[in-house]
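*Asks:* When the letters of the sequence shown are read in order and numbered with my numbering, they come out as residues 9 to 176. Positions of the beta carbon are idealized from the N, C-alpha and C atoms, including for glycine.
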Amino acid sequence: MFAGIGGFREGLTRAGGFVCVGHCELDRNAERSYRALFDTKGEWYCEDIRNAEPEQLPEFDLLCGGFPCQSFSVAGHRGGFSDPRGTLFFELARLAEARKPAYLLFENVPGLLYHDCGRTFAAILHELEGMGYGLEWQVLNSKDFGVPQSRKRGYLCLLYTSPSPRDR
Numbered sequence: 009m010f011a012g013i014g015g016f017r018e019g020l021t022r023a024g025g026f027v028c029v030g031h032c033e034l035d036r037n038a039e040r041s042y043r044a045l046f047d048t049k050g051e052w053y054c055e056d057i058r059n060a061e062p063e064q065l066p067e068f069d070l071l072c073g074g075f076p077c078q079s080f081s082v083a084g085h086r087g088g089f090s091d092p093r094g095t096l097f098f099e100l101a102r103l104a105e106a107r108k109p110a111y112l113l114f115e116n117v118p119g120l121l122y123h124d125c126g127r128t129f130a131a132i133l134h135e136l137e138g139m140g141y142g143l144e145w146q147v148l149n150s151k152d153f154g155v156p157q158s159r160k161r162g163y164l165c166l167l168y169t170s171p172s173p174r175d176r
């Protein structure tokens, strides 16, 4: 989800053992680049995550998404959940709750962790933990992994650990 030009896909391809079954990307230029870089024939596709229907998604074990960062970045207006882009995290949560994949991997700017004195990140943690996911997060810099740029990002790695309290 929020595939961009395929950073998650490329990273997981390089890691090995992953098969991409679909993607979602609203930006037409990014989508065009993604399709030029990867063979997407026969894969599920949705332009806007808000229109993604869980029952139409193919089977998958890992849901990845780099939801829009402008609402949380120190370089932006930091509107958080009051900015419509800031609420798109909840679309990832909606799909994850419906399909309950074994793993989630989300990415965003480090500012997400501190936005609104940490309340935004606490709300995200609360939502994911309430769905039955155990969570770990870490800020990593791309320069430490052989990428020729310094780009810090927060990664949230989640494992489905138990039925959601909502399902009990």
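Give the range of the alpha helix (DSSP H) segment to which F129 is assigned.
*Replies:* Segment 127-138, the alpha helix (DSSP H) holding F129.
*Asks:* With DSSP as the reference, please indicate the residues paired to H31 in a beta bridge.
*Replies:* H31 is bridged to Y53.
*Asks:* For N177, does the count of other Cβ atoms within 10 angstroms reach 16, so buried, or fall short, so exposed?
*Replies:* What is shown of the chain runs 9 to 176, which leaves residue 177 out entirely.
*Asks:* Rounded to whole angstroms, what's the CA-CA distance from G50 to L65? Just pull it up for me.
*Replies:* Cα to Cα, the separation comes out at about 13 Å.
*Asks:* Near F89, what residues of its chain come up, given a Cβ to Cβ distance below 7 Å and the 5 sequence neighbours on each side ignored?
*Replies:* Counting only Cβ-Cβ distances below 7 Å, and skipping sequence neighbours, we find T95, T128.
*Asks:* Between the alpha carbons of L34 and D47, how many angstroms are there, rounded?
*Replies:* Spanning the two alpha carbons is a distance of roughly 18 Å.
*Asks:* Along the beta strand (DSSP E) that carries L148, what are the first and last residues, could you check?
*Replies:* Unbroken beta strand (DSSP E) run through L148: 141-149.
*Asks:* Find the nearest neighbour of A23 within the set P109, P156, G15, judged by alpha-carbon distance.
*Replies:* Comparing Cα positions, the closest option is G15.
*Asks:* Hey, could you find the ends of the beta strand (DSSP E) G25 is sitting in?
*Replies:* Here G25 belongs to no beta strand (DSSP E), and DSSP marks it neither H nor E.
*Asks:* Mapping the DSSP letters down to three states, classify E115 as helix, strand or coil.
*Replies:* Note: E115 maps to strand in three-state DSSP.
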